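K.L.:
The structure that follows is given in the form of structure tokens.
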Amino acid sequence: MYDFAVVGVGPPGARFARRAAEEGYDVVAFERGELGKPLACSGHVSLDVWEYVPAEAREELFQNDIYGARFHTGGADSESHEFYTETPISNAVDRVELDKALAGAAADAGADVREHHTVTGVTERAGHVELSVSGPDGAFETEARMVAGCDGPRSRVRDELGLPEPEEFLHGVLAFDPEPDRQDFVDVHLTVPGFFAWRIPRGPGGVEYGLAAAPSADGDVSARFDDLVADYGVAERIEHRCSGLIPVGPPDSVTGTRGFLVGDAAGMTKPFTGGGILYGMTAADHAAATIDPANPRTLADYERAWRNDLEREIRLGKLIRAGYDAPAAVQKLGIRLFEGEIGVHMDRPTSLFSAEQVRSMLR
């Protein structure tokens, strides 16, 4: 009987497993495949990520400093508008190795982290949960007082517990040009219905190209991606292409009787970028700090804690995203209003109203 069974060992699952183990709980964490694979998430993160990563792993994970973004309302050769800071605002990191480093930190804290173990069933009982697991040595059953569903957009834990889905799912596609690129600006193209396309220089890791759109958007998402890389003249060099769903908008509840969701499984992403690494790990910390596996009533404390921290950011993020589909003239007006030096945090839309941002706009 474990205290917590964690399903999914991406950043949110690894972070929760680590923090719960550090609290003295007995934790087992299951990852259905190899840690970090298949890659289906961008490696562009705010500097806050280093607060969650063991210090000795930084040199291996770091790829490039990013100082700002060039926004376009057209293609690769269209006019751009720069948003920047005088010091790095974000980093490009090795996304696969990031997952491995975070999982390693969980194991070092005492969590039992198991790759190639697929959870095929979850049943809540009065005093515990039962999990059916398929591993390299065959199928088996295990029990825990609580289950943490950190298993991504198509969460089995969410389905097994009968919890509601996120508000919507975007379809994302990304791939890489292996040619090293040490530029320090990302490019953002507001040319995709309901979202955007991007180009991220990753230093020695090459260049990441990607886009996301609602499945109902006009045209095929994969075809739009083909057009993007062709526009940049790199279609022949693209490799490691992958795609996946991006959940946007957490549901009204992410907790059950003896289970809870963290990260993409709960729709804890930034509506204006689709990124969920920091939001997921932030919620994981709240879960570890508030949930007592012997007391299901503490699940309500988790709901309050993560929502108090992130819900306002998510609401403001939805307002920012609404501007992506504004008429071109309105887009350009908004871009010109804010372009130049900025004082915002890429994970915190509330920083748009900070004193630092006001000073930047006045400059």
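Using the working numbering, the final residue of the sequence shown is 369, and nothing's skipped along the way.
Ideal placement from N, C-alpha and C gives every residue a C-beta, glycine not left out.
The structure presented is a predicted model; accordingly, all values stated were derived computationally and were not measured.
1. First and last residue of the beta strand (DSSP E) that includes Gln69?
2. For Glu350, does the three-state DSSP call read helix, strand or coil?
3. Comparing C-alpha positions only, which one of Thr296, Tyr8 and Val12 sits nearest to Ala271?
4. Starting from Glu29, follow the alpha helix (DSSP H) in both directions and report where the run begins and ends.
5. Could you pull out every unbroken alpha helix (DSSP H) segment of at least 4 residues lying fully inside the region 156-185, listed in chain order?
6. Could you give the distance in angstroms between the alpha-carbon of Tyr215 and the alpha-carbon of Ser249?
7. In the DSSP assignment, the alpha helix (DSSP H) including Asp291 goes from what residue to what residue?
8. What is the DSSP secondary structure of Pro257, counted as helix, strand or coil?
9. Which value, in whole angstroms, describes the spacing of the CA atoms of His78 and Val194?
10. List the endpoints of the continuous beta strand (DSSP E) containing Asp193.
11. Ends of the beta strand (DSSP E) at Glu40?
12. Taking the alpha-carbon of Ala46 as reference, which of Pro253, Ala132 and Gln189 has the nearest alpha-carbon?
13. Quick check: the Cα distance between Phe231 and Ala311, rounded to an integer number of angstroms?
14. Please state if the CB of Val99 and the CB of Val33 are separated by a distance shorter than 9 Å.
15. Check this for me: beta carbons of Asp105 and Leu41, under 9 Å apart or not?
16. Just mark Val245 as buried or exposed, buried being the case when its beta carbon has 16 or more other beta carbons within 10 Å.
17. Figure out for me which residue from Glu309, Pro256 and Val240 has the closest Cα to the Cα of Gly212.
18. Once the 5 residues before and after Val139 are set aside, which same chain residues still bring their CB inside 8 Å of it?
19. Could you tell me which of Val15, Tyr31 and Gly14 sits nearest to Thr296, measuring between CA atoms?
20. Should Ser161 be labelled buried (16 or more other beta-carbon atoms within 10 Å of its own) or exposed?
21. Using a Cβ-Cβ cutoff of less than 6 Å, which residues in the same chain neighbour Ser84 once the five nearest sequence positions on both sides are dropped?
22. Please classify Gly262: does DSSP put it in a helix, a strand, or coil?
23. How many Å lie between Gly190 and Ala150 at the Cα?
24. Quick check: what's the CA-CA separation for Trp204 versus Gly280?
25. Identify, in the order they occur along the chain, each residue of the same chain with its Cβ nearer than 8 Å to the Cβ of Thr197, setting aside the five sequence neighbours on each side.
26. With distances taken Cα to Cα, identify the nearest neighbour of Glu347 among Asp9, Phe89 and Gly14.
27. Can you tell me whether Lys43 is buried or exposed? The criterion is at least 16 other CB atoms within 10 Å of its CB, across all chains shown.
28. Could you check which residue in Ala236, Ala23, Arg243 and Pro18 has the C-alpha nearest to that of Val55?
29. Should Glu166 be labelled buried (16 or more other beta-carbon atoms within 10 Å of its own) or exposed?
30. Touch check for the region 304-321 and the region 65-73: three-plus C-beta pairs under 8 Å?
31. For Gly39 and Gly340, what's the separation of their Cα atoms in angstroms?
32. Span of the alpha helix (DSSP H) holding Ala107?
33. Please return the same chain residues whose Cβ sits closer than 8 Å to the Cβ of Arg101, not counting the five positions on each side in sequence.
34. Looking at the strands, I want to know which residues DSSP matches up with Tyr8.
35. Less than 9 Å between the beta carbons of Gly265 and Val135, yes or no?
36. Once you ignore the five residues that flank Met152 on each side, which residues in its own chain have a CB closer than 6 Å to its CB?
P.N.:
From the atom records:
1. Working through the sequence shown from its first residue, we reach residue 69 at position 63. Per DSSP, Gln69 is one residue of the beta strand (DSSP E) stretching across Phe68 to Ile72.
2. For the purposes of this step, residue 350 is taken as residue 344 along the sequence shown, with counting starting at 1. Residue identity check: residue 350 is Val in the sequence provided, not Glu. The answer is coil: DSSP assigns Val350 none of H, G, I, E or B.
3. Against the sequence shown, residue 271 aligns to sequence position 265. When only C-alpha atoms are compared, the closest one is Val12.
4. Start at 1 with the first residue of the sequence shown, and residue 29 comes out as number 23. In the DSSP assignment, Glu29 falls outside any alpha helix (DSSP H) and carries neither an H nor an E.
5. The qualifying runs are 162-167.
6. Counting from one through the sequence shown, the residue named residue 215 turns up at place 209. Counting from one through the sequence shown, the residue named residue 249 turns up at place 243. Looking at the two C-alpha atoms, the distance is approximately 12 Å.
7. Numbered from its first residue, the sequence shown carries residue 291 at position 285. Membership of Asp291 in the alpha helix (DSSP H) is indicated by the continuous run Ile283 to Thr296.
8. The residue you call residue 257 lines up with position 251 of the sequence shown. Pro257 falls in the coil class under three-state DSSP.
9. The sequence position of residue 78 within the sequence shown is 72, counting from 1. The sequence position of residue 194 within the sequence shown is 188, counting from 1. Each residue's alpha carbon lies about 6 Å from the other.
10. Counted from its first residue, the sequence shown places residue 193 at position 187. Looking at the DSSP string, the run of the beta strand (DSSP E) that includes Asp193 is Phe191 to Val198.
11. The count along the sequence shown starts at 1 and reaches residue 40 at position 34. Annotation for Glu40: no beta strand (DSSP E) segment contains it, and DSSP assigns it neither H nor E.
12. Position 40 of the sequence shown, counted from the first residue, corresponds to residue 46. For Ala46, the nearest C-alpha among the options comes from Pro253.
13. Taking the sequence shown and counting its residues from 1, one reaches residue 231 at position 225. Taking the sequence shown and counting its residues from 1, one reaches residue 311 at position 305. Going by the C-alpha atoms only, they are around 38 Å apart.
14. Numbered from 1 along the sequence shown, position 27 holds the residue referred to as residue 33. Numbered from 1 along the sequence shown, position 93 holds the residue referred to as residue 99. No, the Cβ-Cβ distance between Val33 and Val99 is not below 9 Å.
15. For the purposes of this step, residue 105 is taken as the residue at position 99 of the sequence shown. For the purposes of this step, residue 41 is taken as the residue at position 35 of the sequence shown. Cβ atoms of Asp105 and Leu41: closer than 9 Å.
16. Numbered from 1 along the sequence shown, position 239 holds the residue referred to as residue 245. Sequence inspection shows Glu at residue 245; the Val mentioned does not correspond to that position. Exposed, since its Cβ has fewer than 16 Cβ neighbours within 10 Å.
17. The residue labelled residue 212 in the question sits at position 206 within the sequence shown. Gly212 has its Cα closest to that of Val240, out of Glu309, Pro256 and Val240.
18. What you label residue 139 is simply residue 133 of the sequence shown in a count that begins at 1. If you ignore the 5 residues before and after Val139, its C-beta comes within less than 8 Å of the C-beta of Phe36, His123, Thr124, Val125, Thr126, Ala145, Phe146, Glu147 and Thr148, all in its own chain and listed in chain order.
19. For the purposes of this step, residue 296 is identified with residue 290 of the sequence shown, where counting begins at 1. Ranking the options by Cα distance to Thr296, first place goes to Tyr31.
20. Residue 161 sits at position 155 when you count from the first residue of the sequence shown. With 16 or more Cβ atoms within 10 Å of its Cβ, Ser161 is classed as buried.
21. Here residue 84 is taken as the residue at index 78 of the sequence shown, counted from 1. Closer than 6 Å at the Cβ level, and outside the excluded window around Ser84, lie His78.
22. Mapped onto the sequence shown, residue 262 falls at position 256. The answer is coil: DSSP assigns Gly262 none of H, G, I, E or B.
23. Along the sequence shown, one-based indexing puts residue 190 at 184. Along the sequence shown, one-based indexing puts residue 150 at 144. Here residue 190 is Asp; the residue named in the question, Gly, does not match the sequence. Rounded to the nearest angstrom, the two C-alpha atoms are 46 Å apart.
24. On the sequence shown, position 198 is the one that residue 204 refers to. On the sequence shown, position 274 is the one that residue 280 refers to. Distance between the alpha carbons of Trp204 and Gly280: 12 Å.
25. Against the sequence shown, residue 197 aligns to sequence position 191. Answer for Thr197: His78, Thr79, Gly80, Gly81 and Ala203, listed in chain order.
26. Indexing the sequence shown from 1 puts residue 347 at position 341. The option with the nearest alpha carbon to Glu347 is Phe89.
27. In the sequence shown, the residue the question calls residue 43 occupies position 37. Lys43 should be labelled exposed.
28. Locating residue 55 in the sequence shown gives position 49, where the first residue counts as 1. Considering only alpha carbons, the answer is Pro18.
29. In the sequence shown, residue 166 corresponds to position 160, counting from 1. Buried, because 16 or more other Cβ atoms sit within 10 Å of the Cβ of Glu166.
30. The region 304-321 is not in contact with the region 65-73.
31. Walking along the sequence shown from the start, residue 39 turns up at place 33. Walking along the sequence shown from the start, residue 340 turns up at place 334. Each residue's alpha carbon lies about 44 Å from the other.
32. Counting from 1 along the sequence shown, the entry for residue 107 is found at position 101. Looking at the DSSP string, the run of the alpha helix (DSSP H) that includes Ala107 is Arg101 to Asp114.
33. Within the sequence shown, the letter at position 95 stands for residue 101. The residues are Gly42, Leu45, Cys47, Ser48 and Gly49.
34. Numbered from its first residue, the sequence shown carries residue 8 at position 2. Beta-bridge pairing links Tyr8 to Ala150.
35. Against the sequence shown, residue 265 aligns to sequence position 259. Against the sequence shown, residue 135 aligns to sequence position 129. A contact, by the Cβ cut-off of 9 Å.
36. Here residue 152 is taken as the residue at index 146 of the sequence shown, counted from 1. Contacts found: Phe10, Arg264 and Pro299.
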